[in-house]
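Numbers 371 to 818, taken from the numbering used here, label the letters of the sequence shown in order. Every residue, glycine too, gets a C-beta built ideally from N, C-alpha and C. All figures in this text were calculated on a predicted structure; none of them were measured in a lab. Read through the structure below, which is laid out as structure tokens, and then see the notes.
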Amino acid sequence: MTLPVTLPLPPKVGMVSLGCPKALVDSERILTKLRSDGYAMSADYAGADVVLVNTCGFLDSAKEESLAAIGEAIAENGRVIVTGCMGNEADVIRAKFPQVLAVTGAAQYEQVVSAVHEAAPPVPSPFVDLVPEGGLKLTPRHYSYLKISEGCNHRCKFCIIPSIRGDLVSRPANAVVREAEKLVGAGTKELLVISQDTSAYGVDIRHATSALHGRDIRAHVTDLARELGQSGAWVRLHYVYPYPHVDELIPLMAQGLILPYLDIPFQHASPTVLRAMRRPANEAKVLERIRRWRDICPDIALRSTFIVGFPGETEEDVAYLLDWLEEAQLDRVGCFKYEAVEGAAANELPGAVPEDVKQARWERFMATQARISAAKLQAKIGRTLDVIIDEVDDEGGATGRSKADAPEIDGQVHLRDAGGLKPGDIISAEIEDADDYDLFGVPTEGPR
Ligand code: SF4
């Protein structure tokens with residue numbers, strides 16, 4: 371006998387769509403996304419768990435009509451989210467209707483969908499959901515990339531990203547944290563926060579707050595790091611430019627809330643080259659700040675990338691860079707030879723560096739950093755470190771990473787006598803040996 375299965379009832383969304391055909395297409399797009407998230411549609415106010423009013427703000431008469439529609443939805447249902455062109459006048463709407471649940475602007479799809487999730491959370495159903503909790507992933511289950519923004523407001527001369535992806539567009543903080551929660555619920559043990567410019571997160575939306583679980587979260591990298599740190603996963607920050615407020619992240623690392631790891635793309639150290647590159651946050655006192663960061667959080671691992679052979683780079687600039695590298699003692703470093711990418715403004719600069727000179731500079735750079743890296747890893751021999759397991763083999767060995775190592779780009783910890791472990795386990799391991807980039811050790815304490 372087959373037992374009847376009762377499917378959970380999905381929340382219902384009502385929609386009042388005003389304005390031009392563009393607004394109508396926006397409404398369709400929002401509803402399509404909500405439908406794929408498992409929501410049902412309601413044709414009347416009474417059956418809806420939440421009502422969306424997509425407004426028009428083109429003319430005064432359209433604004434009047436939008437305000438009247440919001441008023442009607444509040445009177446008939448009470449749980450109302452406003453979006454669309456008039457959403458750009460949130461103050462006017464909130465002054466007249468303080469009880470609206472959220473106000474989002476035109477084409478802010480993610481914000482409006484996020485507000486609906488907050489007002490009427492979707493009911494997961496293994497029978498009807500096409501996408502697993504946490505989404506479809508191309509990374510192993512135990513780590514996930516978490517994109518917090520798209521685009522960039524800077525115009526570094528060697529980079530064409532802003533011309534491809536446009537200016538900075540930050541996701542609302544509640545959408546980022548909600549995604550992180552889903553990922554952790556689906557088995558993620560490590561969140562890798564990415565963007566083009568993580569420290570600038572929220573600048574474009576003036577660090578607006580958004581609600582999650584009855585609390586307001588500010589779209590600012592420090593607040594976000596604090597929130598993500600409470601997810602229980604390792605939180606690793608990438609592409610953090612050294613703006614002054616980055617100093618606020620270091621105490622969170624010292625407290626163990628986020629990983630003591632900063633991926634800071636310095637690109638060069640010579641002030642002349644940095645100026646020619648038009649790098650953001652190019653300030654002289656970086657070495658002093660690094661020293662302070664290490665005082666606060668001695669285990670902090672600093673990763674960076676550099677470019678040698680930028681147009682106009684001289685032998686003095688390279689000497690400055692190598693001296694700086696010796697002083698900075700960075701943990702993980704990548705170096706590229708400058709390439710004249712089509713469309714990059716730097717291609718117009720005088721002083722192109724010949725290929726053989728670039729190669730020689732790159733080799734000097736890499737030899738310097740290999741020596742620094744080897745010495746730093748030697749100092750870890752005898753220590754016990756937390757290691758997240760990435761792979762296990764058939765002979766009782768395993769490969770993982772310490773808190774100082776991001777997947778794909780940094781080193782690994784190779785473990786012997788690691789039988790019984792599985793990817794995603796976080797264990798303690800005693801470090802027995804090291805080479806230029808990797809560590810070797812043995813587990814001392816099982817997964818936790
Ligand atoms: S290098 Fe980074 S900061 Fe500079 S323009 Fe490109 S994405 Fe923006």
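Asked	Found
Nonlocal neighbours in the same chain, by C-beta distance under 6 Å from Ala578, ignoring five residues either side	Ala589
For Val452, the nearest candidate out of Asp806, Tyr613, Asp586 and Asp396 (CA to CA)	Asp396
Arg541 versus Val486: straight-line alpha-carbon distance, rounded	15 Å
Whole-angstrom distance between Arg818 and Leu755, CA atom to CA atom	14 Å
Ile801 versus Ala472, Arg753, Arg535 and Leu607, residue with shortest Cα-Cα distance	Arg753
Phe706 to Ala749 span [Cα, whole Å]	27 Å
Element boundaries [beta strand (DSSP E), containing Lys382]	Lys382 to Ser387
CA-to-CA distance, Ala646 to Pro468, given in whole angstroms	51 Å
Coil, strand or helix - Cys367 by DSSP	Beyond the ends of the chain as shown, which are 371 and 818, falls residue 367; an answer cannot be given.
Asp567: CB within 6 Å of a non-hydrogen atom of ligand 1	yes
Reduced DSSP secondary structure (H/G/I, E/B, other) of Gly713	coil
Reduced DSSP category for Arg753 - H, G, I as helix; E, B as strand; rest coil	coil
Nearest neighbour of Cys529, chosen from Ala715, Ala788 and Ala476 [CA to CA]	Ala715
Ser387 and Asn424 closer than 7 Å at C-beta	yes
Enclosing alpha helix (DSSP H) for Leu562 [first to last residue]	Segment Glu560 to Ile564 is the beta strand (DSSP E) holding Leu562; no alpha helix (DSSP H) there.
Length of the line joining the Cα atoms of Val643 and Leu657	17 Å
Contacts around Arg596, its chain only, beta-carbon distance under 7 Å, and the 5 residues preceding and following it disregarded	Leu622 and Leu627
Cα-Cα separation, Ser406 to Glu446	26 Å
C-alpha gap between Val605 and Lys527, whole angstroms	31 Å
Contact check, Glu520 vs Arg535, beta carbons under 7 Å	yes
Where His615 sits in the DSSP three-state scheme	helix
Start-end ranges of the alpha helix (DSSP H) lying completely within the stretch 524 to 592, minimum 4 residues	531 to 535 and 543 to 555
Own chain partners of Phe735 with C-beta closer than 6 Å, once the 5 adjacent residues on each side are dropped	Val678 and Cys705
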